[in-house]
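Remarks on the structure that follows.
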Amino acid sequence: MRSGYLIVETRADQAGLVRIYSVDHQPAPASESTDPAMPRIRYAAFFGSLDVALMHAQTALHGCLIDVEAGLYRTDPLTAVAAVDAIDLGHQVQYLDPELAANPRLSAAIERRRMRRRWINRAWNAVGILAILLLLLLGQFPAV
Numbered sequence: 067m068r069s070g071y072l073i074v075e076t077r078a079d080q081a082g083l084v085r086i087y088s089v090d091h092q093p094a095p096a097s098e099s100t101d102p103a104m105p106r107i108r109y110a111a112f113f114g115s116l117d118v119a120l121m122h123a124q125t126a127l128h129g130c131l132i133d134v135e136a137g138l139y140r141t142d143p144l145t146a147v148a149a150v151d152a153i154d155l156g157h158q159v160q161y162l163d164p165e166l167a168a169n170p171r172l173s174a175a176i177e178r179r180r181m182r183r184r185w186i187n188r189a190w191n192a193v194g195i196l197a198i199l200l201l202l203l204l205g206q207f208p209a210v
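For our numbering, count along the sequence shown from 1 and bump the result up by 66.
So this is what it looks like as structure tokens:
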């Protein structure tokens, strides 16, 4: 299991696209550049299990996926950052773009994704409990 950083970046010349990728070293977010070809890091977080985190990010944004190899998604930076930050793995946020940090919709989007994940987990736990109860109940009757 390799550890590293999951990065969300945008480019001015690719409006509406977000790139999510992983690196082993800590990224250095550059200041806002006037060159539209330069990528702009919007979010960086350290994950102890980088490959699993990348898989969770791809799952969360599967409807927006354009190119899996390049890590390109057709979404806005706020949605991408919320999807990555809401991942249920332990992680440490290393950088969050000040523009996104000031946006009150970010924390609401993160919390909405976490609540949805909790409800899904509860539903699957209930299915498991019902299956065990059914097996116990059926085990009480002798086979004919």
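All C-beta atoms, glycine included, are put in the ideal place defined by N, C-alpha and C.
Whose CA, out of the options, lies closest to the CA of residue i?
i: Asp133; options: Glu165, Ile107, Leu83 and Leu200; result: Leu83
i: Gly70; options: Pro93, Trp185, Leu116 and Arg178; result: Leu116
i: Arg178; options: Arg188, Asp163, Leu200 and Thr145; result: Thr145
i: Ile153; options: Leu72, Gln206 and Ile198; result: Leu72
i: His157; options: Phe207, Phe113 and Leu196; result: Phe113
i: Tyr87; options: Glu135, Leu200 and Ile186; result: Glu135
Hey, does residue i have any beta-carbon neighbour from chain C nearer than 8 Å?
i: Ala149; result: Absent from the structure: chain C. Only one protein chain is present.
Thinking residue i and residue j are a contact (beta carbons under 8 Å), I'd like their distance in whole angstroms, please.
i: Leu166; j: Arg108; result: 6 Å
i: Val159; j: Ala119; result: That belief does not hold up - the Cβ atoms of Val159 and Ala119 are roughly 13 Å apart, past 8 Å.
i: Pro170; j: Val74; result: The Cβ separation is near 19 Å, so there is no contact.
i: Tyr139; j: Pro95; result: That belief does not hold up - the Cβ atoms of Tyr139 and Pro95 are roughly 19 Å apart, past 8 Å.
Strictly by DSSP, which residues pair up with residue i?
i: Glu75; result: Arg85 and Ile107
i: Leu131; result: Tyr139
i: Phe113; result: Gly70 and His157
i: Leu162; result: Tyr109
In chain order, what residues of the same chain lie with their CB nearer than 8 Å to the CB of residue i, ignoring the 5 residues before and after it?
i: Arg183; result: Ala152 and Asp154
i: Phe207; result: none
i: Pro93; result: Tyr71, Ile73, Ile107, Ala110, Gln160 and Tyr161
By Cβ distance below 6 Å, which residues in the same chain neighbour residue i in space, the five residues on each side in sequence not counted?
i: Arg68; result: Leu116
i: Asp90; result: Gly70
i: Asp163; result: Arg108
Segment contact, 8 Å Cβ cut-off, at least three pairs: the segment 149 to 158 with the segment 116 to 127 = Flag = yes, the segment 149 to 158 and the segment 116 to 127 touch.
Are at least three pairs of beta-carbons, each pair with one atom in the segment 115 to 123 and one in the segment 167 to 177, less than 8 Å apart?
-> At 8 Å Cβ cutoff, the stretches do not touch.
Should the segment 71 to 90 be regarded as contacting the segment 101 to 121, the criterion being three or more beta carbon pairs within less than 8 Å?
-> Flag = yes, the segment 71 to 90 and the segment 101 to 121 touch.
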